[in-house]
Amino acid sequence: LSSGLAYKMNYGPVGAADVDIEVDYNNLDSSQGQYIIARYIDSDNFSMLRVTDNGTTKVQLYKVVSGVKTLLATTANAPGSNDTVKLEVRGAAWKVYFDSGGGYGAAQISVTESDLAVKGDSVLGFSDIWNYFPSERANSAIKINSVKVTEF
């Protein structure tokens, strides 16, 4: 997938409020964030999971509401460069899991957040987020093997 482009993972104008998004990464970039977006309403209202494997920033869950970015949680661990990362959203419950090949273990992030408890699109890395991470705009191609989206 190319940098700076939107890749919507649903077929309707409005996706589901509850969703599992699983991204099987291929050589996850350690310097640039890769993004999993859920409940995307517009460029000022969505949630995003920023994924890196550099061991410093790790994985961060953000919400953007009315154009204001807020960090909700950061993992204690970083995924491996070829791990599968799963974002699970059910109502106000948000969970993040890693799978290095042996199945998903305990949730790496588990938070309750109700500001974005609405239906919205699911997206992988798209141009609207560069307003929130401008330093990553130039070099943030998405490197994945597969994406699986389950809507509930």
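Reminder that position 8 of the sequence shown reads as 704 in the working numbering, one-by-one numbering, no gaps.
Just so it is clear, CB atoms sit at the ideal spot from N, CA and C, and this is done for glycine as well.
Item to check | Extent of the continuous beta strand (DSSP E) run through Ala741 | outcome: According to the sequence shown, residue 741 is Asn rather than Ala. From DSSP, the beta strand (DSSP E) with Asn741 extends over 741–747.
Checklist entry - If you follow the beta strand (DSSP E) that Glu809 is part of, which residue opens it and which one closes it? => result Neither: Glu809 is in no beta strand (DSSP E) and is coded neither H nor E.
Item to check | Val764 burial status per 10 Å Cβ neighbour count (16 or more: buried) | outcome: Exposed, since its Cβ has fewer than 16 Cβ neighbours within 10 Å.
Item to check | Spatial distance of Ile733 from Phe742 (CA atoms) | outcome: 7 Å
Next on the checklist: Which of the three DSSP states is assigned to Lys782 in this structure?
Outcome noted: strand
Checklist entry - Leaving out five residues before and five after Ser806 in sequence, what residues of the same chain have Cβ atoms less than 6 Å from its Cβ? => result Lys791
Item to check | Candidates Gln804, Gly797, Asp779, Ala789: closest to Asp811 by CA position | outcome: Ala789
Next on the checklist: Tell me the rounded alpha-carbon separation between Arg746 and Val761.
Outcome noted: 16 Å
Checklist entry - Does the beta-carbon of Leu767 have 16 or more other beta-carbons within 10 angstroms, so that it is buried, or is it exposed? => result exposed
Checklist entry - Quick one, are the C-beta atoms of Asp716 and Ser842 less than 8 Å apart? => result Taking the C-beta atoms as reference points, Ser842 is found no nearer than 8 Å to Asp716.
Checklist entry - In three-state DSSP terms, what is Gly797? => result Gly797: coil per DSSP, three-state reduction.
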